[in-house]
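For the sequence shown, the numbering used here puts the final residue at 1393, and the numbers step up evenly by one.
Heads up: the structure comes next, in structure tokens.
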Amino acid sequence: MKTDFREFHFNFYSWKRVILLIVILLILPLSYIFVDHSLSIGDYGVLSTSFYKTKFSLDQMREFAFKNSILSDFKPRFYTRRSVSFSRILEDVDNRFDMDENDVIVFLHMQKTAGTSFERYLVRYLNVSTPCYCRSGKKRCQCYRAGKKKGIWLFSRFSTGWVCGLHADFTELYVSGCVDNVLDRKEGVHRKRRYFYTTFLREPISRFISEYRHVERGATWLAARHVCNGRPPSPEQLPLCFDPDVGWDGVSLDDFLACPYNLAFNRQTRMLADLTLVHCYDSHSMDPATRDKIMLESAKNNLKNLAFFGLKEYMDESQWMFEQLFQLKFTKNLSDWQKSKSNGTLITEEQMRLIVKRNKLDLQLYAYAEKLFHRRFV
């Protein structure tokens, strides 16, 4: 029997094509894995820079990742918390502070503004139905409201303590949502609270000199966190003016003025502003003029929207305004507590020029605050 050569040739090449196809199907996935792996460990950086330019830099993308991780830490109620402004209190009697409800007075304590005096009066000399319980020899008092809603009605140094950081500012207290989160933990339950933010300001030159004298005697406030956007500033963003192991006591006024990172400069503006608007403590993220303008406008706006602010230079008027707004009375006069160590400090003309220059934002803020205060008082 003769074999047809054409049939044999056809079958041979048919099988050859089938085998070749199988080999290709087996090799292709392996080659893909090999190429992918080689790109990932060697050539990926070259490809990305040669053929594709990303819209954002690596630093920006790291910042995006950071923002994402920070946002995940906040609870939805952070965005729905309520604070009551001065104007809202006047508009409707229902917006007045109510000790029997879930209302909380929050005091923002800026250094050397009579804040310690005012906070001490809040816990010891405020005539309320359920006064704070202060134990002898203890700095902190327990300020709980009576009745079914046994919550904390006062958030301050002498009640809750420095739970949001030593001398926590507006960014740490309000913007971060710290007050709400802390009270939830302390009370063991989340409440829909109304917050009445309060503070005291002081004429900037006197305040600055008073802070200098306080630092000269040994104060450092090293425990202050300065948290903004969920993290403290890096050493590059906020260098320290002195060796923490040595301290700054005995510092001369000239040296105090010479350090560009001294937080005493424009302290009131910085502590009342929303620092997230200026990239926190990253002073190189925008030009100084723009940064100063944003901080000052933010501080003015936040000051206007506080429930109350007082001025150290007008203690009697500040006390009267607080008592009228909150329908609460002090049993002692705030003006009885008038201690200051700034008056006896000798200042040269050059030192005064530098003090004014270093505190130009605070001077503008205080001028605004003084006008607003007198307009409200009248």
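We put the CB at the ideal spot given by N, CA and C, even for glycine.
- Taking every protein chain shown into account, the CB of residue 1233 has fewer than 16 other CB atoms within 10 angstroms, so this residue is exposed.
- For residue 1119, the three-state secondary structure derived from DSSP is strand.
- Going by DSSP, residue 1131 is part of the alpha helix (DSSP H) stretching over 1130-1139.
- Restricting attention to 1229, 1121, 1129, the CA atom closest to the CA of residue 1158 is found in 1121.
- It is roughly 24 angstroms from the alpha-carbon of residue 1226 to the alpha-carbon of residue 1249.
- For the pair residue 1231 and residue 1270, the CB atoms are not nearer than the 8 angstroms cut-off.
- Annotation: the continuous alpha helix (DSSP H) that includes residue 1369 extends over 1364-1373.
- Burial state of residue 1382 is exposed, judged by a 10 Å Cβ sphere holding fewer than 16 other Cβ atoms.
- Under DSSP, the beta-bridge partners assigned to residue 1167 are 1159.
- Closest option to residue 1283, judged by alpha-carbon separation, among 1311, 1166, 1273: 1311.
- Bounds of the alpha helix (DSSP H) holding residue 1101 are 1101-1106.
- DSSP, read as helix, strand or coil, puts residue 1320 in coil.
- Note: residue 1381 is not bridge-paired with any residue in the DSSP secondary-structure output.
- Here the C-alpha atom of residue 1217 lies approximately 20 angstroms from the C-alpha atom of residue 1188.
- For residue 1271, the uninterrupted alpha helix (DSSP H) run begins and ends at 1268-1273, by DSSP.
- In the DSSP assignment, residue 1223 falls within the alpha helix (DSSP H) that extends over 1219-1231.
- The Cβ-Cβ distance between residue 1186 and residue 1290 falls below 8 angstroms.
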